[in-house]
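In the working numbering, the protein residues as written are 6 to 236.
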């Protein structure tokens, strides 16, 4: 059980049940299934989803900001600004990702050489509490535009923020499995990195958490991006 504690009053305002093994397996399986179809979508289809997410972020800015205030204590004006930044990111990547990911000519002796960008598959994002929306959107927006799908393991004290993001993506029209929130602990997340259906992982957090994720990624030769305290 995860308890959400209002940092202002120190009162427990919500209790959220952690996922069972069966529920976690269902989420990972759904993401793996969705990855193949999402990789085949056009940039226009992906951009339409991001713009729909951005529109929902805008229409629900006040309630999302209030949730962040209750869960992790961010001042309301800063929480609103964070949601607005997420809205802008959705529009930015929807507008520019196709150009960013276009094949790039590469000099060689061959008749034609180029660098092409292909989706990896299921990405696992392990995110911190301090920017509960921005840390997620800045990972999810470019990842989805590149044809990947994303599983989010958020900090436990911002679980409601994570679940709200999952709801927004679903209501914006994201196919099942394209964006999912995992209500699990850190040890489970580190183990999940080794799952054959996870193509790559990204983490923003402590050095200790980074070591755990990097070790699991290294053992399976998986791509890993880390932003760590002190790095």
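A virtual CB, placed ideally from N, CA and C, is assigned to each residue, including glycine.
Considering only 213, 98 and 125, the residue with the shortest C-alpha distance to residue 40 is 125. Contact between the region 85 to 95 and the region 120 to 134 is absent: fewer than 3 CB-CB pairs across the two stretches fall below 8 Å.
Taking residue 12 as reference, the option from 161, 78 and 177 with the minimal CA-CA separation is 78. Bounds of the alpha helix (DSSP H) holding residue 30 are 26 to 44. Exposed is the label assigned to residue 116, since fewer than 16 other Cβ atoms lie within 10 Å of its Cβ. Leaving aside the five residues that flank residue 218 on each side, the residues in its chain whose CB is nearer than 8 Å to its CB run, in chain order, 131, 194, 195, 198, 206, 208, 229 and 231.
Per DSSP, the continuous alpha helix (DSSP H) segment holding residue 90 begins and ends at 81 to 105.
Residue 70 places its beta carbon 7 Å or farther from that of residue 58. Taking a C-beta distance under 7 Å as the contact criterion, residue 33 and residue 165 do not qualify as a contact pair. Closest in C-alpha terms to residue 182, from the list 52, 102, 31 and 223, comes 31.
Contact check for residue 189 against residue 6 fails: the beta carbons are separated by 7 Å or more. Take the alpha-carbon of residue 210 and the one of residue 159: they are about 11 Å apart.
The continuous stretches of beta strand (DSSP E) do not include residue 117, and DSSP gives it neither H nor E. If the five residues before and after residue 119 are omitted, its C-beta is found closer than 7 Å to the C-beta atoms of 108, 109, 110 and 111, all from its own chain and listed in chain order.
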